[in-house]
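Going by my numbering, the sequence shown wraps up at 765, each residue one higher than the last.
Yeah, the Cβ is synthetic: ideal placement off N, Cα and C, and Gly gets one too.
Just below is one structure, and these are the notes that go with it.
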Amino acid sequence: MSGEPRYSSKIFNLYITLVRQRYGHVNLSELLEKSNIRPCEVADLNHWFSTRQFALFYETLIRETGNPRIARETGRFAAAPEATGFIRQHVLSFDSPGNAFANLDATMATLDHASKLETRQTGSGRVDISVWPAAKNEGNTGQCQFRTGLFEAIVTTFNLDMPSITHPECIDHGGSCCRYVVQWKPSHAQRLQRLRTLAGVTALTAPAAAWLAAPQFALTTVLPITTGVFCGLSLLTDHFLKKRLSTSLYHLRSSSEEMVAQLSSNYNNALLTNDISHAISSKTTIEDILQSVCHAFEKRLDFDRGLILLADADKTRLNFRAGFGLPPRVRLLLKNTLFPLDTRAAGDIFTTAFREKRSFLIADIDIPQENLPDYSCNFLRKTGCKAVICCPILCDGKALGVLAVDQTRNRRTLTQSDLNLLSGLANVLGVSIRNAQLLASRKRQFNSTLHVLAATIDARDPLTAGHSEKVTEYALGICRELNLSEDYCEMVRVSALLHDYGKIAVPDAILKKSGRLTLEEYEIVKAHAECTSSILKQINFEGIYKRVPVVAGAHHEKIDGSGYPKGLRDAEIPIGAKIIAVADFFEAITAQRHYRDPMPLPVAYKVLKQEAFSHFDGKIVKAFLNYFRRAYPEDYERMVRLAPLVKREIVRIPCRTPVVFENGGKSVFGTSTDISTGGIFVASPEAMAEGTALKLSFFLPDSPNNIIEAGGRVAWVNHKSHPRKTAFPSGFGVQFIGLPRQAVDAVQKFARGLPTGIHA
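This is the structure we're talking about:
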């Protein structure tokens with residue numbers, strides 16, 4: 006039990022204040038040092054000491070002062086005016102010694118947990134006090150003397166004579182408890198109250214008795230005298246009572262103010278804990294965590310400045326990472342100062358705290374410290390520090406850095422509570438920093454895996470090496486132009502890196518083919534989008550990455566429904582897929598491929614603008630061009646300056662002609678409604694599914710002998726029950742795939758032959 010906290014620092018403060026005032030020859034620093042007690046622990050009114058510590062302190066105190074009865078003197082001093090402590094204020098908040106003793110158990114509970122106290126009032130001006138140890142074998146060092154002195158002080162505080170105190174039973178002499186009998190004489194106010202009562206009775210009875218013998222004498226002499234005496238005593242008694250009440254109210258208010266200040270401090274610490282918890286739970290990067298924590302410290306703690314140093318990856322030095330209240334000169338000094346950890350020589354206070362994993366509280370930077378070489382504080386002195394607390398930031402027993410706060414003005418004494426609070430917060434900060442480091446490590450591993458996956462596809466063909474990286478760059482540029490959230494940008498980044506991963510299923514013979522793909526080969530290539538989605542769905546993407554398979558698999562969808570694999574239309578396509586589609590298209594047409602040379606930037610600009618009319622979201626194309634202008638200003642200026650005027654070249658024109666197509670192994674007849682170099686609409690009752698590959702045969706009205714054969718896919722369906730375009734009959738739109746050059750020329754020639762204004 007001797008190691009448990011039992012005695013409040015308030016008791017130690019009483020002893021030290023007494024020694025400072027009455028025993029000037031005693032060196033307090035040496036006294037505390039010999040007792041293994043730090044000054045900051047005594048200054049902290051919320052700190053508690055063990056029985057062993059108190060016994061050592063008491064023995065040392067008797068030896069240094071030469072006074073074996075110093076405990077009784079301290080007890081008397083506790084309620085003395087020069088003590089200016091809470092005990093005097095607490096006692097004076099009552100109107101009499103009897104009430105003060107009745108509440109003595111609450112007073113003593115704030116001083117020690119080593120004993121339990123019970124008070125019984127056994128008469129007017131007499132109380133019986135019993136004290137039991139809180140645990141077996143609990144020491145009673147000097148406590149009998151201290152209590153006796155305190156009981157004397159409680160009575161004399163009310164301006165009464167020294168009380169009579171007997172100690173009939175004591176633990177130190179074999180008793181089951183320590184029992185005290187305290188007796189005191191009544192106060193002047195109490196005596197006056199008794200006299201006033203007697204005078205009041207006399208004022209009523211004396212005139213009546215005198216009236217029987219001499220009525221005139223009773224009215225002219227006895228009644229005025231007795232009434233005057235009674236009124237005088239009443240005024241005097243009221244004066245003493247009001248004075249006593251005023252004193253009690255004053256000290257009660259002082260005690261209340263101290264309690265409010267303590268409640269405010271506790272509330273502020275609770276808010277600080279809440280702020281720190283919010284910071285470490287809502288932030289995932291070390292920089293964000295440190296900035297949030299420093300902001301909370303500056304807002305909630307009563308320190309002038311603070312800083313956080315973290316060790317580098319090799320644990321060779323401490324680096325300044327964050328701080329508050331630091332002037333520019335000190336901040337620059339911290340950034341340019343090396344705090345080495347890889348030297349055996351004793352260093353500054355920061356490196357010492359880090360190496361020894363020990364906290365330091367220096368109440369006065371100019372006083373040499375026993376456990377630190379004097380030069381270790383030279384850096385702090387250069388910054389104007391007066392007092393400092395330095396705590397290691399620990400996690401799982403390993404030091405990660407150092408947290409330090411200081412005072413540049415002598416506003417208040419740093420206490421053990423400050424040190425305890427900072428040490429606890431440093432440990433919480435350590436866990437948060439460690440978690441952030443683990444998250445950063447996982448993110449690096451995740452990104453490395455993504456880049457390797459993307460590189461495995463790009464590396465199959467030297468001409469496509471770096472394609473995924475470039476698409477990712479463009480996609481992120483578009484995201485930021487659109488002011489999308491960081492989480493969504495991250496999801497798009499991952500989707501862009503993996504958008505072509507499904508090409509792992511495309512044979513090299515097709516992937517690296519130098520000529521135009523056949524319809525069958527094109528269908529195989531198109532399957533890579535759905536393959537990408539299928540493969541990525543097998544990865545357990547969570548949180549913000551949950552949409553990666555869907556977005557990556559939809560990057561070939563077009564807003565007019567002519568894309569693949571599902572033929573999604575505008576609102577059905579995720580915005581991330583629309584972004585990657587634009588980025589992928591521009592990178593692809595401006596890069597070298599086996600079947601063509603890279604498209605010049607002015608031509609690519611023209612083609613991209615054309616695609617914005619039907620295939621791509623115009624807002625996203627605009628965002629990409631804004632990004633390209635910022636990132637590549639010279640290329641953008643040349644691209645726009647040399648680009649021809651952009652206009653729609655794929656023009657739909659009315660065309661009514663028979664069309665034959667194959668569906669399910671049978672030939673089906675239909676009639677076209679309009680045509681362009683990009684596709685044809687076929688009116689037919691035949692049920693067709695979007696995305697169905699077709700082979701068509703038809704002729705143009707101006708050349709019925711020239712049969713055109715073309716491959717294509719069903720881009721959209723105009724259902725009879727719910728038509729997409731009410732002006733069109735039931736049927737479907739076909740997107741040409743690989744339309745021969747001669748057929749393109751024939752369609753353009755047919756369009757030129759129509760009268761002006763017929764073009765759709």
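Close beta carbons around residue 359, own chain, < 6 angstroms, minus the five adjacent residues each side
397, 404, 407
Could you please give me the residues that DSSP links to residue 717 through a beta bridge?
Here residue 717 is bridged, per DSSP, to 699, 741.
In the DSSP assignment, what residue or residues form a beta bridge with residue 668?
671
Counterpart residues of residue 183 in DSSP-defined beta bridges
136
By Cβ distance, which residues of its chain are closer than 6 angstroms to residue 40, with the 5 residues on each side in sequence left out?
Within the same chain, residue 40 has close Cβ partners 61, 62, 65.
Collapsed DSSP secondary structure at residue 735 in the structure displayed:
coil
Under the three-state DSSP convention, the category residue 123 falls into:
strand
Which same chain residues, not among the five before or five after residue 492, have their C-beta less than 6 angstroms away from its C-beta?
549
If I'm right that residue 473 touches residue 581 with Cβ under 8 angstroms, what's the distance once you round it to whole angstroms?
Wrong, their Cβ atoms sit about 15 angstroms apart, outside the cutoff.
Residue 710 (DSSP reduced to helix, strand or coil):
strand
Rank 188, 232, 438 by C-alpha distance to the C-alpha of residue 203 and give the top, closest one.
232
Give the range of the beta strand (DSSP E) segment to which residue 169 is assigned.
169-174
Taking contact to mean 3 or more Cβ pairs, one atom from each stretch, closer than 8 angstroms, check whether the region 292-304 and the region 454-468 are in contact.
no
Cβ atoms of residue 429 and residue 413: under 8 angstroms apart, would you say?
Not a contact, by the Cβ cut-off of 8 angstroms.
Other residues of its chain near residue 626: CB distance less than 8 angstroms, five sequence neighbours each side excluded:
587, 613, 614, 616, 617
What are the start and end residues of each continuous alpha helix (DSSP H) run of 4 or more residues lying completely inside the region 315-370, in chain order?
Positions of the alpha helix (DSSP H) runs, each at least 4 residues long and wholly inside the region 315-370, are given as 333-341, 354-361 in order along the chain.
Kindly indicate which three-state DSSP category residue 651 falls into: helix, strand or coil?
Since pLDDT at residue 651 reaches only 46, below the 50 mark, its modelled position is unreliable, and no value is offered.
Just verifying my parser: in three-state terms, what is the DSSP assignment at residue 569?
In the structure shown, residue 569 falls within a coil segment according to DSSP collapsed to helix, strand and coil.
Going by C-alpha distance, which of 325, 647, 139 is nearest residue 122?
From the listed residues 325, 647, 139, the smallest Cα separation to residue 122 is found for 139.
If we ignore side chains and look at the alpha-carbon of each, how far apart do residue 683 and residue 318 end up?
59 angstroms
How long is the line joining the alpha carbons of residue 420 and residue 14, rounded to whole angstroms?
11 angstroms
Limits of the unbroken beta strand (DSSP E) element including residue 11:
10-13
What residues are listed by DSSP as bridge partners for residue 188?
131, 169
Could you give the DSSP three-state label for residue 684: helix, strand or coil?
strand
For residue 96 versus residue 105, is the C-beta spacing smaller than 8 angstroms?
yes
To which residues of the same chain is residue 31 closer than 7 angstroms at the C-beta, ignoring the five residues directly before and after it?
24, 69, 70
Segment limits, beta strand (DSSP E) that includes residue 55:
Annotation: the continuous beta strand (DSSP E) that includes residue 55 extends over 53-55.
Return the bridge partner residues of residue 400 from the DSSP annotation.
403
Within 8 angstroms, strictly: CB atoms of residue 150 and residue 81:
no
What are the boundary residues of the alpha helix (DSSP H) that residue 596 is part of?
Run containing residue 596: none; DSSP gives neither H nor E here.
Buried/exposed call for residue 333, threshold 16 Cβ in 10 Å
Exposed, by the Cβ-count rule.
Check residue 394 in the structure and name its three-state DSSP category.
strand
When the Cα of residue 176 is compared with those of 185, 169, 170, which residue comes out closest?
185
Between the region 432-452 and the region 555-563, do three or more beta carbon pairs fall short of 8 angstroms?
no
Contact between the region 724-740 and the region 668-678 (3+ Cβ pairs under 8 angstroms)
Taking 8 angstroms as the limit for Cβ pairs, the verdict is that the region 668-678 does touch the region 724-740.
Spatial distance of residue 720 from residue 577 (CA atoms):
15 angstroms
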